[in-house]
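Down below is the structure, laid out as structure tokens.
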């Protein structure tokens with residue numbers, strides 16, 4: 043994806059199945075998914091909802107972080123999770139801004155670059171300094187508590203991508219409306235981390251002490 047898209051792709055075209063406004067670039071990305079993947083099974087997409095039938099379910103967010111893309115902010119990509127009989131079999135998250143590609147299946151969890159064949163196993167980064175807090179702008183009380191506890195974070199605005207980087211950062215936190223398209227692939231990628239999830243909250247960390255601290259902070263009023 044490049045920033046010099048034609049003007050038409052920046053325009054909105056109604057609301058998608060996920061409840062957000064769909065831009066034409068969202069719809070174009072979904073159209074590409076449908077063209078090449080619909081014969082594999084049923085597609086569940088943020089834009090159009092359920093498409094087709096089949097034993098295999100492909101849960102997609104055609105453009106993860108579409109507001110970032112439309113704003114020329116380099117943190118956006120795409121995600122796909124493949125499911126059969128309720129079991130997650132494969133997940134893939136791609137960062138269109140820097141080319142990072144994450145794939146996880148029963149053979150392991152790997153990271154590489156889009157259009158390159160060299161994929162290496164993902165390893166924990168032991169020197170993480172920051173976390174990622176999606177929807178931080180809507181949760182000022184939690185922001186204040188994190189700050190009081192010296193827990194730095196960034197809020198880049200693409201949930202699947204942030205979950206894909208869970209092995210690199212201290213923690214990933216999301217507080218808000220949880221939709222399957224946003225989290226299916228990302229949560230599968232970081233399934234070996236410590237994970238807490240309820241109807242409005244996701245906490246992920248590779249570090250048990252950090253995980254417990256974030257959980258204590260976030261769930262303080264519950």
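Residue numbers (this note's numbering): 43 to 264. Ideal Cβ positions, reconstructed from N, Cα and C, are used throughout, including at glycine. Since the model is a prediction, treat every value here as computed from it, not as a measurement.
Check	Outcome
State the CB to CB distance for the pair residue 213 and residue 246, rounded to an integer number of angstroms; the pair is presumed to be in contact (CB under 8 Å).	7 Å
Going by DSSP in three states, residue 166 sits in which element: helix, strand or coil?	coil
Given that a residue counts as buried once 16 or more other Cβ atoms are within 10 Å of its Cβ, and exposed if not, what is residue 52?	exposed
If we count Cβ pairs, one from each stretch, closer than 8 Å, do we get three or more for the region 90-101 versus the region 119-135?	yes
Between residue 208 and the rest of its own chain, which residues show a CB-CB distance below 6 Å, the 5 nearest in sequence each way excluded?	214, 232, 235 and 246
Going by alpha carbons, who is nearest to residue 84 out of 107, 127, 205 and 181?	127
In chain order, what residues of the same chain lie with their CB nearer than 8 Å to the CB of residue 112, ignoring the 5 residues before and after it?	52, 65 and 67
Under three-state DSSP, which class holds residue 196?	strand
Does the region 169-185 come close enough to the region 133-149 that 3 or more CB-CB pairs lie under 8 Å?	no
Have a look at residue 153 and residue 210 and give me their C-alpha separation to the nearest angstrom.	12 Å
DSSP three-state label for residue 118, please.	coil
With DSSP collapsed to three states, give me the class of residue 73.	helix
Just to confirm the assignment: which complete beta strand (DSSP E) runs, minimum length 3, are found wholly within the region 87-143?	91-93, 98-106, 119-126 and 129-137
For residue 228, report the span of its beta strand (DSSP E) as first-last.	Segment 222-231 is the alpha helix (DSSP H) holding residue 228; no beta strand (DSSP E) there.
Please state whether the Cβ-Cβ distance between residue 117 and residue 200 is less than 9 Å.	yes
Helix, strand or coil: how does DSSP classify residue 55 here?	strand
Out of curiosity, what's the CA-to-CA distance linking residue 186 and residue 230?	30 Å
Please report the residue range of the beta strand (DSSP E) in which residue 176 lies.	173-176
On the three-state DSSP scale, how would you describe residue 49?	helix
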